[in-house]
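Protein chains in written order, with my numbering: chain W, 1 to 145; chain A, 1001 to 1145; chain X, 2001 to 2145; chain D, 3001 to 3145. For every residue, glycine included, the Cβ atom is placed at its ideal position computed from N, Cα and C.
4 protein chains.
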Amino acid sequence: MSESKVTPDACSAAMHENDHATKALGMRIISTTLGGSVVSMKVRQDMLNGYGSCHGGMIFSLADTAFAHACNSGNKPTVASGCTIDFIAPGKEGDTLTARASERSRSGKTGIYDIEVFNQNEQLIATFRGRSYQLKGSIVPEVID
Amino acid sequence: MSESKVTPDACSAAMHENDHATKALGMRIISTTLGGSVVSMKVRQDMLNGYGSCHGGMIFSLADTAFAHACNSGNKPTVASGCTIDFIAPGKEGDTLTARASERSRSGKTGIYDIEVFNQNEQLIATFRGRSYQLKGSIVPEVID
Amino acid sequence: MSESKVTPDACSAAMHENDHATKALGMRIISTTLGGSVVSMKVRQDMLNGYGSCHGGMIFSLADTAFAHACNSGNKPTVASGCTIDFIAPGKEGDTLTARASERSRSGKTGIYDIEVFNQNEQLIATFRGRSYQLKGSIVPEVID
Amino acid sequence: MSESKVTPDACSAAMHENDHATKALGMRIISTTLGGSVVSMKVRQDMLNGYGSCHGGMIFSLADTAFAHACNSGNKPTVASGCTIDFIAPGKEGDTLTARASERSRSGKTGIYDIEVFNQNEQLIATFRGRSYQLKGSIVPEVID
Chain W
1 MSESKVTPDA CSAAMHENDH ATKALGMRII STTLGGSVVS MKVRQDMLNG
51 YGSCHGGMIF SLADTAFAHA CNSGNKPTVA SGCTIDFIAP GKEGDTLTAR
101 ASERSRSGKT GIYDIEVFNQ NEQLIATFRG RSYQLKGSIV PEVID
Chain A
1001 MSESKVTPDA CSAAMHENDH ATKALGMRII STTLGGSVVS MKVRQDMLNG
1051 YGSCHGGMIF SLADTAFAHA CNSGNKPTVA SGCTIDFIAP GKEGDTLTAR
1101 ASERSRSGKT GIYDIEVFNQ NEQLIATFRG RSYQLKGSIV PEVID
Chain X
2001 MSESKVTPDA CSAAMHENDH ATKALGMRII STTLGGSVVS MKVRQDMLNG
2051 YGSCHGGMIF SLADTAFAHA CNSGNKPTVA SGCTIDFIAP GKEGDTLTAR
2101 ASERSRSGKT GIYDIEVFNQ NEQLIATFRG RSYQLKGSIV PEVID
Chain D
3001 MSESKVTPDA CSAAMHENDH ATKALGMRII STTLGGSVVS MKVRQDMLNG
3051 YGSCHGGMIF SLADTAFAHA CNSGNKPTVA SGCTIDFIAP GKEGDTLTAR
3101 ASERSRSGKT GIYDIEVFNQ NEQLIATFRG RSYQLKGSIV PEVID
């Protein structure tokens, strides 16, 4: 990822500040490093589907948020072009799910990120692979010396 | 899909009744047929991400719900094993997004479903392909004559 | 897709001329239209896997070739950035498999294409979704009036 | 993966013996362990596409073969239900590509495997994620004491 004087934490904070959706879902941005992030979410009753398990869309939302913080950590505005998720085990009400994102590759305007979602017992809940596409500009203004 | 005396509408109603997540997101199940469904959702402020667009997880949730109603329409409890989504255009606050699901194939315990998400101007927002896995039992009890 | 005076057939012919791999696999480019193509291949013994079915890589190769002819039909050199394939039924020795590609969306430098592979009995063998990325230049030189 | 007295190497050898496709492509099964495998292939002229790079279908075939050896290593006949591949960098004529497969999860009849393809300079060429589905029976007869 190209050099920026803005830290991954500052990028992350700027993104999260206006992110209504992740706040509504009670997500916590645990950490952000260059190309990586950790985000957690507690499964509430209003996240359950008709089978009483965490709705797949909520698990996806958690992974997608970790993906966003990882691929935007270099202060280049970057969006998801596509994602693949595989569901391994259900999430249950009261579970704390944690998504860990890491950069697999980045070249030109595109990148590949892997995100794994675990529950509080370190059981694998889902694997997610995201494809990123970099836009022009910067998230936080770069200060030129 | 195998024969059932329970209608797709009845399966859909039984699933939706206890689906806290789709109700919290204000989704409407417009219609369910054997192997298909149409579900809509209005993009609210609490669904926006840090870029002011509809969070990808919310678009995924809508498509995933249409997928669930389509693949459960034959009264066989069926879950998502995995999904792939490609984001084509952003959703905006106030948009009404509609997901249309259709069965591409189903054999043995697995199936493939295609879901497309459009906005109120019939602009394609996302394409989604879901893989289903059928469990034992039935959603609504089958009445035997 | 942007306007070009070069026909889809001419793009297709130029691509196929130097395509050693598709020739080695005996593929036939049946037709190419703007955003679409049809390609067929007969399953030979040297395409079988250890289970006596057509190797998944050969089915993928057929679909990927149809994808390439579809996404290059506008005379803009375009490559695959990623693909998802789902295998529905096995291909058998002697089968003639046909892949039909169609453009789902294209905007900016990226596109989404759906390819379905059928056997000679119109049985669905595999579904394939491809993501394309457009490079600079043209396949066949554009003549300016 | 469930216990078997048949070694991963024996499963691999039994599979490879009748695998016409991988032999035609000159693949070498470097190693097979429980849930993992390493397979290599030299890029020949008859594997090149119209752009002079290794055809995506050939890279997929290599990864898919590594996937097959990994998911069949426990002596349970297992097939690919679906795969996602992302192309990172092109393969060139004369390159030796190596695919390394590892099991991400396996429960019930389904599993998730990650395969990465590198060239001889350890440059990442493609990432591949495979979904497996276990059939009945065994690859090599189990000897009961």
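- Message: Looking at the secondary structure, which residues open and close the beta strand (DSSP E) in which residue 89(W) lies?
- Response: By one-based count along the first sequence, residue 89(W) stands at place 89. For residue 89(W), no beta strand (DSSP E) segment is defined, and its DSSP state is neither H nor E.
- Message: Is there a Cβ of chain D sitting closer than 8 Å to that of residue 2118(X), yes or no?
- Response: Within the third sequence, residue 2118(X) is the residue found at index 118, counting from 1. The beta-carbon of residue 2118(X) is placed no less than 8 Å from the nearest beta-carbon of chain D.
- If you run the structure through DSSP and keep just helix, strand and coil, what is residue 3097(D)? Translated into the one-based positions of the fourth sequence, residue 3097(D) becomes position 97. Residue 3097(D): strand per DSSP, three-state reduction.
- Query: Which residues in the same chain have their Cβ closer than 6 Å to the Cβ of residue 3085(D), if we skip the five residues on either side of it in sequence?
  - Reply: Indexing the fourth sequence from 1 puts residue 3085(D) at position 85. Within its own chain, the residues whose Cβ lies closer than 6 Å to the Cβ of residue 3085(D), once the five positions on either side in sequence are excluded, are 3060, 3126, 3128, listed in chain order.
- Message: How far does the beta strand (DSSP E) with residue 3132(D) in it extend, from its first residue to its last?
- Response: If you number the fourth sequence from 1, residue 3132(D) lands on position 132. Taken as a continuous stretch (DSSP letters only), the beta strand (DSSP E) holding residue 3132(D) covers 3124 to 3134.
- Contact with chain A by residue 46(W), beta-carbon distance below 8 Å: If you number the first sequence from 1, residue 46(W) lands on position 46. At a cut-off of 8 Å between beta carbons, residue 46(W) contacts chain A.
- Message: For residue 2011(X) and residue 2069(X), I'd like the C-alpha separation in whole angstroms.
- Response: Numbered from 1 along the third sequence, position 11 holds the residue referred to as residue 2011(X). Numbered from 1 along the third sequence, position 69 holds the residue referred to as residue 2069(X). Inter-residue distance for residue 2011(X) and residue 2069(X) is about 8 Å (C-alpha atoms, whole angstroms).
- Task: Compare the Cα-Cα distances from residue 3078(D) to each of 2063(X), 2067(X), 2056(X) and report the closest residue.
- Result: The residue you call residue 3078(D) lines up with position 78 of the fourth sequence. For the residues 2063(X), 2067(X), 2056(X), the minimum Cα distance to residue 3078(D) belongs to 2056(X).
- Every unbroken alpha helix (DSSP H) within the segment 3012 to 3089 of chain D, with a cutoff of 4 residues, ordered by chain: Secondary structure within the segment 3012 to 3089 of chain D: the alpha helix (DSSP H) runs of 4 or more consecutive residues, fully enclosed, are 3020 to 3024, 3056 to 3071 (chain order).
- CB contact check: residue 1097(A) to chain X, cutoff 8 Å: Numbered from 1 along the second sequence, position 97 holds the residue referred to as residue 1097(A). So no, residue 1097(A) is outside the interface.
- Query: Do residue 1112(A) and residue 2088(X) come within 8 Å of each other at the CB atom, strictly closer than that value?
  - Reply: Here the question's residue 2088(X) lines up with position 88 in the third sequence. Here the question's residue 1112(A) lines up with position 112 in the second sequence. Yes, the pair counts as a contact, with Cβ atoms nearer than the cut-off.
- Message: Quick check: is any heavy atom of the ligand NAP less than 7 Å from the C-beta of residue 38(W)?
- Response: Among the components modelled here there is no ligand, and therefore nothing to report on the ligand NAP.
- Message: For the structure I just gave you, are there three or more beta carbon pairs, one from the segment 3037 to 3051 of chain D and one from the segment 3090 to 3099 of chain D, closer than 8 Å?
- Response: Taking 8 Å as the limit for Cβ pairs, the verdict is that the segment 3090 to 3099 of chain D does touch the segment 3037 to 3051 of chain D.
- Since residue 2116(X) is in the beta strand (DSSP E), which residue starts that stretch and which ends it? Along the third sequence, one-based indexing puts residue 2116(X) at 116. Where residue 2116(X) is concerned, the enclosing beta strand (DSSP E) stretches over 2110 to 2118.
- Query: Does the beta-carbon distance from residue 2038(X) to residue 2066(X) come in below 8 Å?
  - Reply: Mapped onto the third sequence, residue 2038(X) falls at position 38. Mapped onto the third sequence, residue 2066(X) falls at position 66. Taking C-beta atoms as the reference points, residue 2038(X) and residue 2066(X) count as a pair closer than 8 Å.
- Message: For a cutoff of 8 Å on Cβ pairs, would you count residue 1022(A) as touching chain D?
- Response: For the purposes of this step, residue 1022(A) is identified with residue 22 of the second sequence, where counting begins at 1. It does not: the Cβ of residue 1022(A) has no partner Cβ on chain D nearer than 8 Å.
- Task: Just tell me which of 3132(D), 3009(D), 3091(D), 3107(D) has its CA closest to the CA of residue 3122(D).
- Result: Taking the first residue of the fourth sequence as 1, we reach residue 3122(D) at position 122. By alpha-carbon distance to residue 3122(D), the top candidate from 3132(D), 3009(D), 3091(D), 3107(D) is 3091(D).
- Item | Residue of 2080(X), 2142(X), 2034(X) minimising C-alpha distance to residue 2074(X) | Numbered from 1 along the third sequence, position 74 holds the residue referred to as residue 2074(X). For the options 2080(X), 2142(X), 2034(X), the alpha carbon positioned closest to that of residue 2074(X) is the one of 2034(X).
- Item | Chain-order list of residues whose beta-carbon lies under 6 Å from that of residue 1016(A) (same chain, five-residue window excluded) | By one-based count along the second sequence, residue 1016(A) stands at place 16. Cβ neighbours of residue 1016(A) beyond the five flanking positions: 1029.
- Message: Give me the chain A residues within the contact set of residue 3131(D), using Cβ-Cβ distance strictly less than 8 Å, ordered along the chain.
- Response: Numbered from 1 along the fourth sequence, position 131 holds the residue referred to as residue 3131(D). Around residue 3131(D), the beta-carbon contacts reaching into chain A at under 8 Å are 1081, 1082, 1131.
- Using a Cβ cut-off of 8 Å (strictly closer), state whether residue 2127(X) contacts chain W. Within the third sequence, residue 2127(X) is the residue found at index 127, counting from 1. Residue-level contact check: residue 2127(X) does not touch chain W, since none of the beta carbons of chain W fall below 8 Å from its beta carbon.
- Message: In whole angstroms, give me the CA-to-CA distance for residue 1062(A) and residue 2082(X).
- Response: Indexing the second sequence from 1 puts residue 1062(A) at position 62. Indexing the third sequence from 1 puts residue 2082(X) at position 82. Our two residues, residue 1062(A) and residue 2082(X), have alpha carbons roughly 24 Å apart in a direct line.
- Given that a residue counts as buried once 16 or more other Cβ atoms are within 10 Å of its Cβ, and exposed if not, what is residue 1050(A)? As a position in the second sequence, residue 1050(A) is number 50, starting the count at 1. Buried, by the Cβ-count rule.
- List the DSSP bridge partners of residue 1103(A). Numbered from 1 along the second sequence, position 103 holds the residue referred to as residue 1103(A). Looking at the DSSP output, residue 1103(A) shares a beta bridge with 1113(A).
- Task: Step through the CB atoms of chain A and report whether any lies within less than 8 Å of the CB of residue 3110(D).
- Result: Counting from 1 along the fourth sequence, the entry for residue 3110(D) is found at position 110. Output row for residue 3110(D): interface = yes.
- Count the other CB atoms within 10 Å of the CB of residue 1143(A); is the residue buried (16 or more) or exposed (fewer)? Position 143 of the second sequence, counted from the start, is the residue given in the question as residue 1143(A). Exposed, by the Cβ-count rule.
- Query: residue 2107(X): buried (16+ other C-beta within 10 angstroms of its C-beta) or exposed?
  - Reply: Here residue 2107(X) refers to the residue found at position 107 when the third sequence is read from its first residue. Classification for residue 2107(X): exposed.
- By how many angstroms is the C-alpha of residue 48(W) removed from the C-alpha of residue 25(W)? Sequence index remark: in the first sequence, residue 25(W) carries index 25 (1-based). Sequence index remark: in the first sequence, residue 48(W) carries index 48 (1-based). If I take the Cα positions, the gap works out to 12 Å.
- Message: Between which residues of its own chain and residue 1031(A) is the CB-CB distance below 7 Å, once the five residues before and five after are set aside?
- Response: For this step, residue 1031(A) is matched to residue 31 along the second sequence. Contacts found: 1037, 1038.
- Cα-Cα, which of 3139(D), 3080(D), 3119(D) is closest to residue 1110(A)? To locate residue 1110(A), count along the second sequence from 1; it is residue 110. The alpha carbon of residue 1110(A) has as its nearest neighbour, out of 3139(D), 3080(D), 3119(D), the alpha carbon of 3080(D).
- Item | Beta-carbon contacts of residue 2120(X) that lie in its chain and below 7 Å, excluding the five residues immediately before and after | Residue 2120(X) sits at position 120 when you count from the first residue of the third sequence. Leaving aside the five residues that flank residue 2120(X) on each side, the residues in its chain whose CB is nearer than 7 Å to its CB run, in chain order, 2095, 2096.
- the segment 2062 to 2091 of chain X: positions lying closer than 9 Å to chain A by Cβ: Cβ contacts with chain A: 2084, 2086, 2088, 2089.
- Task: Using a threshold of 8 Å, state whether the C-beta atoms of residue 3138(D) and residue 124(W) are closer than that.
- Result: As a first step, residue 3138(D) must be located in the fourth sequence, where it is residue number 138. As a first step, residue 124(W) must be located in the first sequence, where it is residue number 124. Contact: no.
- Quick one: what's got a C-beta closer than 6 Å to residue 6(W)'s C-beta in the same chain, skipping five residues either side? The residue you call residue 6(W) lines up with position 6 of the first sequence. Taking residue 6(W) as the centre and dropping the five residues before and after it, the same chain places the C-beta of 75, 140 closer than 6 Å to its C-beta, in chain order.
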